[in-house]
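Residues in the sequence shown are numbered consecutively from 86, following the numbering used here.
Glycine is no exception: its CB is placed at the ideal position from the N, C-alpha and C atoms.
Structure, as structure tokens:
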Amino acid sequence: MTVRPRMGAAADAGLWRHRGFLHYWSANAVDLVGSGVTRVALPLVAVVALHASVWQVALLSFAQTLPPLLVSLPAGAVADRHRKRPVMVGAALAGGAALLVVPLADAIGRLSLGLLYGVALVSSVAEVFGSTARISFLPSLLPRRQLLEANSKLGGINSLADSAGSQLGGALVTVLGAAHAVYLDVASYLACALLLTRIRTAEPATARPAKNTTFRAGIAEGMRYVWSHPTIRPLMLAATAYIAVMAFLTTLWSVYVLRDLHYSSAALGTTLSVAALGGFCGALVVRPVVARYEPVRVMLTALALAPFTEVPLLLAAPGRSWQIAVGLAMFVQSGCAVAQGSTQRTVRQAVCDPALQGRMLATSRWVVYGSQPVAALLAGTAGTWLGLWNGLAVGTLALAVPFLVLRTSSLTDVPRGTTVPEQADRARACPQRESDAA
């Protein structure tokens, strides 16, 4: 299956002249800058300011990753039944309001782990509703032939913004303290909401459900569609395995580098920013690489490299040289993650029925990101009983699972030379043939 995106300057200029996409692109960027700051600041609030244990840090990760399991399916149904722009804007404002509680509570001396858990939970709920609507909005903003180009541009700016946010987070934590650094994320949510309101592209009318179709029935329809789809299902299962293992590793990673490798807040921010730059490079190369090779081959190669990128961390000792080695490994890891993520997202968007974009995304998120809270709790257990290094070693070995899931799927049998639009027509026909046969 070979993607043949529009190439050349004309194609690039087309998106840069698309005012709606520019606002959409900018909203993603400012949101990621703020989130990068918070990703550095919140663990530091827990570990440094509140002296959290490994298990308590795992609970913070659990609170951040639980909402996709709880609200992804309703978020998808909302995105398909209502206009997406108000949902995106409302979610951004709700997320900013939730995070504002952290610096305000710190200022009056009422900051606690319980409050931190609550803020993480509420802001993550808002993020689920906002991102579900935002990602499912893209296919209605742009034609199908431009989705890979758009996703690569979004992957590039998101990685740069993530890098800037992580670096800025380390600096702000040093200057202002971890809790007050969160103010920047609050401001980014407000800017994101403003940019999204400036998208003037007419949004297609939402499909009205039949009179006897309940909210629950709409969710069930989306789940059946995803599980019966010959392309979306294997991509979702491979992504689930990858995200679960990365959630396990990430939960232990921050505690390990802060306590065992003695990273400063600035070193933590720098390492995360280097990793994010790897994601930017992955976004730059994904279009020509996918144009030359099959999308499945690109995803398999990226997943095969993932376990090896964790090896420097397992070998690392305190010191600048090992910080550089870990940063470079994360650079490669993030580049691979963005390349395979952009590819699989484009394929899923292209093959999905437009009326089911929100529920397809929501079902995928429910399965994929619903694995994160379980992985976080497992990481807390492993870190407590086995030790941080042993837990990281187990997670590194488990990174081979996503590759095996995709490698053994039916996607590896797709004929070469099939474009994404052709694959979309084939994939949409398959569920219909199955239902006719039934």
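**OP:** Within its chain, find whatever has a CB closer than 6 angstroms to the CB of G119; leave out the 5 residues flanking it on each side and keep chain order.
**Re:** Closer than 6 angstroms at the Cβ level, and outside the excluded window around G119, lie L269, D270 and S273.
**OP:** Take the Cβ of W101 as the centre, count every other Cβ of all protein chains shown within 10 Å, and call the residue buried at 16 or more, exposed below.
**Re:** When all chains shown are included, W101 counts as exposed.
**OP:** Output the boundary residues of the alpha helix (DSSP H) element that contains F214.
**Re:** Its alpha helix (DSSP H) spans residues L198 to L226.
**OP:** Count the other C-beta atoms from every protein chain shown that fall within 10 angstroms of the C-beta of P403, then say buried if there are 16 or more, exposed otherwise.
**Re:** That one is exposed.
Subject >> Cut-off 6 angstroms between Cβ atoms - residues of its own chain near T481, not counting five sequence neighbours on either side >> reply: If the five residues before and after T481 are omitted, its C-beta is found closer than 6 angstroms to the C-beta atoms of P392 and E395, all from its own chain and listed in chain order.
**OP:** Kindly indicate which three-state DSSP category G472 falls into: helix, strand or coil?
**Re:** It is coil, neither helix nor strand.
Subject >> Simplified DSSP assignment, three categories, for E379 >> reply: Residue state, collapsed to three classes: coil.
Subject >> The alpha helix (DSSP H) enclosing R102, as first and last residue numbers >> reply: It is not in any alpha helix (DSSP H) - R102 carries neither H nor E in the DSSP assignment.
Original post:
G354 and V139: beta carbons closer than 7 angstroms?
Top reply: Going by C-beta atoms, G354 is not nearer than 7 angstroms to V139.
Subject >> Inter-stretch contact at 8 angstroms, needing at least 3 Cβ pairs: the region 205-219 / the region 306-314 >> reply: Output reads no: the region 306-314 does not touch the region 205-219.
Original post:
By Cβ distance, which residues of its chain are closer than 6 angstroms to V342, with the 5 residues on each side in sequence left out?
Top reply: So the qualifying residues of the chain are Y348.
Original post:
With distances taken from CA atoms, which of L322, D345 and A387 is nearest S448?
Top reply: In the sequence under discussion, the amino acid at residue 448 is Thr, which differs from the Ser named in the question. It is L322 whose Cα lies nearest to the Cα of T448.
Original post:
Under three-state DSSP, which class holds H167?
Top reply: In the structure shown, H167 adopts coil according to DSSP, grouped into three states.
Subject >> Whole-angstrom distance between L151 and A190, CA atom to CA atom >> reply: Rounded to whole angstroms, the gap between the alpha carbons of A190 and L151 is 23 angstroms.
Subject >> Whole-angstrom C-beta distance between F147 and L462, which should lie under 8 angstroms >> reply: Right, the Cβ-Cβ distance comes to about 6 angstroms (below 8 angstroms), so this counts as a contact.
Subject >> Under the three-state DSSP convention, the category T503 falls into >> reply: Note that T503 scores a pLDDT of 43, beneath 50, so its modelled location is shaky and nothing firm can be said.
**OP:** Report yes if the C-beta distance between T336 and A464 is below 7 angstroms; otherwise report no.
**Re:** The answer is yes: Cβ separation under 7 angstroms.
Original post:
Taking buried to mean at least 16 other C-beta atoms within 10 Å of its own C-beta, is A302 buried or exposed?
Top reply: By the beta-carbon neighbour count (other beta carbons within 10 angstroms, threshold 16), A302 is exposed.
**OP:** Give every residue of the same chain whose Cβ lies closer than 7 angstroms to the Cβ of T286, excluding the five residues on either side of it in the sequence, and list them in chain order.
**Re:** Hits under 7 angstroms: G105 and L226.
Original post:
Does the distance from the C-beta atom of S216 to that of A368 stay below 7 angstroms?
Top reply: In this structure, A368 does not lie closer than 7 angstroms to S216 by Cβ.
Subject >> Classification of T356 by the beta-carbon crowding that lies within 10 angstroms, buried from 16 upward >> reply: Only buried fits T356, as 16 or more other CB atoms lie within 10 angstroms of its CB.
Subject >> For T466 and L496, the rounded distance between their alpha carbons >> reply: Their Cα atoms are separated by approximately 35 angstroms.
Original post:
Using DSSP with H/G/I as helix, E/B as strand and the rest coil, what is H108?
Top reply: If DSSP states are grouped into helix, strand and coil, H108 belongs with the helices.
Original post:
According to DSSP, is V330 helix, strand or coil?
Top reply: It is helical.
Original post:
Over what stretch of residues does the alpha helix (DSSP H) that includes G194 continue unbroken?
Top reply: From DSSP, G194 is part of no alpha helix (DSSP H); its letter is neither H nor E.
Original post:
For S197, does the count of other Cβ atoms within 10 angstroms reach 16, so buried, or fall short, so exposed?
Top reply: Exposed, because fewer than 16 other Cβ atoms sit within 10 Å of the Cβ of S197.
Original post:
So, T123 versus V258, is the Cβ gap smaller than 7 angstroms?
Top reply: No, the Cβ-Cβ distance between T123 and V258 is not below 7 angstroms.
Subject >> Through-space distance from I284 to P256, alpha-carbon basis >> reply: As written in the sequence, residue 256 is Ala, which differs from the Pro given in the question. A256 and I284 have their C-alpha atoms roughly 33 angstroms apart.
Original post:
If we count the other Cβ atoms within 10 Å of its Cβ and call it buried at 16 or more, is V340 buried or exposed?
Top reply: Classification of V340: buried, given that the 10 Å Cβ count is 16 or more.
Original post:
Can you tell me whether DSSP reads Y274 as helix, strand or coil?
Top reply: Looking at Y274 - three-state DSSP - the assignment turns out to be helix.
Subject >> Distance cut-off 6 angstroms: A410 Cβ against heavy atoms of the ligand GTP >> reply: Looking for the ligand GTP in the displayed structure turns up nothing, as the structure carries no ligands at all.
Original post:
Do you know how far the Cα of A361 is from the Cα of A192?
Top reply: So the alpha carbons of these two residues sit roughly 31 angstroms apart.
Original post:
Between the region 128-135 and the region 170-179, are three or more C-beta pairs nearer than 8 angstroms?
Top reply: Flag = no, the region 128-135 and the region 170-179 do not touch.
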